[in-house]
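The block underneath contains the structure these notes are about, expressed in structure tokens.
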Amino acid sequence: MKTLPPPGRAVGGPRGAPVAERATLSGRHQRRRRSLSSYLFVVPALVLVVGMFWYSIVMTVWLSFTNSNGLSSAQFVGLANYRAMLSDPALLTNVYNTLIWAVAMIVLPVGLGLVAAVALKKRRGRSVFQTVFYLPYAIGFVTTGVIWSFLFGTSGFSELFNALGFRSLANVQWLNQVPLNTYSMIVASTWQTMGTDMLLFFVGLDTIDRQVTEAASLDGAVGWKMFRFITWPSLSAMTRVIIAISIVNALQAFNLIWVMTQGGPYGSSSTFAVWTYQQSFQYYKMGYGAAIAVVLTVFVLLASIGYLRRSLREVRA
Amino acid sequence: MGVRGKKQVLAAATCIAALAGTTSLAGVPAASATSQAYLQLANDKPGWTSGFNAIGKDLAKLDGVGWQAQPYSSTTAFQAVVRAAATTSKAPPLFTWWSGQQLVPLVKAGAVANMTSYVKTWEAKYGLNPDVEDAYKVNGQYYGAPLYTSDWVMYYNKKDFAKYHLSVPLTWSALMQDAATLKSHGIAPFAYYVDDWAGFIWFEQILLEEDPSAYQALVNGKISYTSAPVVKAMATWRQIADKGYFSPPMNIDTELGSPTPFVNGQDAMLLIGSWEESSLTKAGMVPGKDFGAFIVPPINPKVGWQAIFETGPVVVSAHNSDMQQALKAVNTFMQPSVQQAWDKLMDFTSAESVVKSTDPTAVYVAHEITAEKVHLNNRYWEATPPQVAVPVSSDLSKFILNPNLNLMPFLQTLQKTAQAYWATAK
């Protein structure tokens, strides 16, 4: 009785190629066809990413080496824009304000979000609080900026403090005094973003194993001890994610600042993102604005990669 | 290739083709925008859309070519888009812009059509104010038609003036006397704004009223910010601040649109462009009854009466294939009947003397301009290049917030900014 040869060995037949070989060839061909159609489906997304993202980045980097004003043809100027940035008196103010925003937006919304999540976790009506705290994020940065500009203006807190008899507080120029203007905008931003961080912490808290917390409470861990030894370590992964996102967002702080002060008065509340916008679109120094944008991007990348690498190292340890 | 494989590849290819088709369709402008009857009018004034479109229909009825507004909600985005397209065939046929030094880069790039022959006709036939049209003059040629013209006036709260028996001042000392009276009664004589572009408001007014030729020289980079006329103007400004005649500074971007202290009478006077009148009427004030306006009297009577005006043009792209039609539409727009309709729609005052306003404050100001032979000067924001105007106006906020700062080093900073531009521009 003839038996089929083991796979891969030629048998020979009237149609030329051996049956086993024909089966292998057919499989490879099918896999190639499937790959081709997969690639074709990915092409539109690839075009979008390459076209809108990488193309923009490459063009911005190129612009940063020119004296483009967005109207007439640009000339290559090498590192002139970067040198100009180093000697620009506005550099220090922008670096300082950007760092203030980064630190504040890590400490305040993240810290308050954590406190609110822990405090409300087991409270009745948690969903109501979730909605109330999340609502400011849903209304967007521009609306938030308009609302808080009114509150910090002459018809807002000033009127309230006047009515309550706090004259000295009523005369405070919340958005015109330096550095109070930056702190006031940070308050507005904290009000808006704290709810999102709180929701993320809720998610983290919900994933903590109940058996662990029950065992800990049986051992006498309550309140601060429970938080310190059980809750906080269990939230470390979520905290890392939230902080990483906060770093990236804070370093690019723009929308709220633009609506409330446009970086003023006299550039005192400007950040890197505001600075690049002003140079590009108000002063028509697109090359210079592009150089600032490149420096900001590098700064954000280094900060976020550095933080994530350190966090991952700790996790592995 | 098997049937199933062919179907997968065909499906993928169809998706790509559909997306490509969608993308290319998105690039085709809407038919109405480039039809013979209506041309696109790109602008950064979304609140004016209904007015633009109403007048656009009138233009089409009169001469066959009208316009349709294409608004951008952000001025900065609008400028960036127009500047990028300005020297290409993709430039909008018509667009709003700014006068003076803001127009110069477009002219130098060959982006806007020459309207000189039309301007001469408008001046001769319709009484177009040559001071206003000069704002659109570059190297002796004209490149824009005034879409709106606003005089910078001192609005005053009539109730405050009546209560303290004050009258419209015709001299600077009378204005200061009125201010002293108001101050003594706990009213802030002048509403004061800060931040962003507010810095130039009092700076330009005082310098102009003391030395108009120095003002013109300064905006054209011919004299320094540390020169004697500028130092003198800053000293005058400081004196007014030291006397406590200004209200606590308010953020101009967030508070000018709702000038509550002026409406309530806590601030008696407001130095601003006449476009602010719409905010006052929206707040319930009635022109002529609750508020009036006057031209600020000269500080130095020898220089004669001066006033600031601002004007914004509609310009025609020199690269769009509809250039001739666009020029025709603009020419029709400048006809007195259309100007009258436009002014009525928008509460503007035409720059043409044959077109009369019915707004009582505008009528009084127009009368004052004629009676006192007031010479109109382009606003600082347009008269000097934006690379100087924007940072200097921003820095002047420092002086507003601290008028007793060390003046010369401060002025040297302003001069350094100006110098950085003029050195490369010359």
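Residue numbers (this note's numbering), protein chains in the order written: chain A, 1 to 317; chain B, 1 to 426. Where is the CB? At the ideal position from N, CA and C, for every residue including glycine. Predicted model only: the values in this text are computed from it and were never measured.
Between A:T196 and A:L108, the CB-CB gap reaches or exceeds 8 Å. If only uninterrupted alpha helix (DSSP H) runs of at least 4 residues are considered, those enclosed by the segment 83–121 of chain B are 104–108. Within chain A, the residues placing a beta-carbon under 7 Å from that of B:E255 are G153, T154, ordered along the chain.
By the Cβ criterion, the segment 388–403 of chain B is in contact with the segment 235–255 of chain B, since at least three pairs of Cβ atoms, one from each stretch, lie closer than 8 Å. Nearest CB-CB separation between A:T276 and chain B: not below the 8 Å threshold. Annotation for B:F309: the continuous beta strand (DSSP E) segment containing it runs 306–316.
Chain order gives the chain A residues near B:R83 as G70, L71, where near means a beta carbon separation below 7 Å.
Proximity of the segment 142–149 of chain B to the segment 177–186 of chain B falls short of the contact definition, fewer than three beta-carbon pairs being nearer than 8 Å.
B:E310 and A:F201 have their alpha carbons spaced roughly 54 Å apart. For B:D267, the enclosing beta strand (DSSP E) covers residues 267–273. Three or more Cβ pairs closer than 8 Å define a contact, and the segment 175–182 of chain A meets that threshold against the segment 264–283 of chain A.
Listed in chain order, the non-local C-beta contacts of B:Q325 below 8 Å within the same chain comprise Q36, L39, V65, P93, local neighbours out to five positions each way being set aside. Put simply, the backbone Cα of B:V363 is about 27 Å away from that of B:I252. By the neighbour-count definition (other C-beta atoms within 10 Å, threshold 16), A:L48 is an exposed residue.
In the DSSP assignment, B:D151 is bridged to B:F309. For A:A253, no alpha helix (DSSP H) segment is defined, and its DSSP state is neither H nor E. A Cβ-Cβ distance of about 35 Å is found for the pair B:N404 and B:A135, leaving them out of contact under the 8 Å criterion. The beta carbons of A:I242 and A:M85 sit no closer together than 8 Å. Setting aside the 5 residues that flank it on each side, B:G56 is surrounded in the same chain by G66, W67, Q68, each with a C-beta closer than 6 Å to its C-beta; the list follows chain order.
The three-state reading of DSSP puts B:M346 in helix, counting H, G and I together. Proximity of B:V316 to chain A, defined by a Cβ-Cβ separation below 8 Å, is not satisfied. When secondary structure is reduced to three states using DSSP, B:K137 falls in the strand class.
Per DSSP, reduced to three states, the secondary structure at B:G292 is strand. At the C-beta level, A:F133 and A:M198 come within 8 Å of one another.
Residue range 38–43 is occupied by the beta strand (DSSP E) that includes B:L39.
Between the alpha carbons of A:V128 and A:A138 lies a distance of about 15 Å. By the criterion of a C-beta distance shorter than 7 Å, B:N53 is surrounded in its chain by Q68, A69, once the five residues flanking it on both sides are discounted.
If you look at A:G263, you'll find it isn't in any alpha helix (DSSP H); DSSP assigns it neither H nor E. Scanning chain B for C-beta atoms nearer than 8 Å to the C-beta of A:Q262 yields D195, D196, D253, reported in chain order. Residues of the segment 174–189 of chain A with a C-beta atom less than 8 Å from some C-beta of chain B are L175, N176, Q177, listed in chain order.
For B:H367, the secondary structure class from DSSP, reduced to helix, strand or coil, is helix.
Under the Cβ criterion of 8 Å, A:F150 is counted among the residues facing chain B. Comparing C-alpha distances from B:D58 to each of B:K120, B:T332, B:N129 shows the shortest one belongs to B:T332.
Contact check for B:V315 and B:P336: beta-carbon distance about 21 Å, past the 8 Å limit, so the pair fails to qualify.
Less than 8 Å separates the beta-carbon of B:W202 from that of B:L271. In the structure shown, A:E159 falls within a helical segment according to DSSP collapsed to helix, strand and coil.
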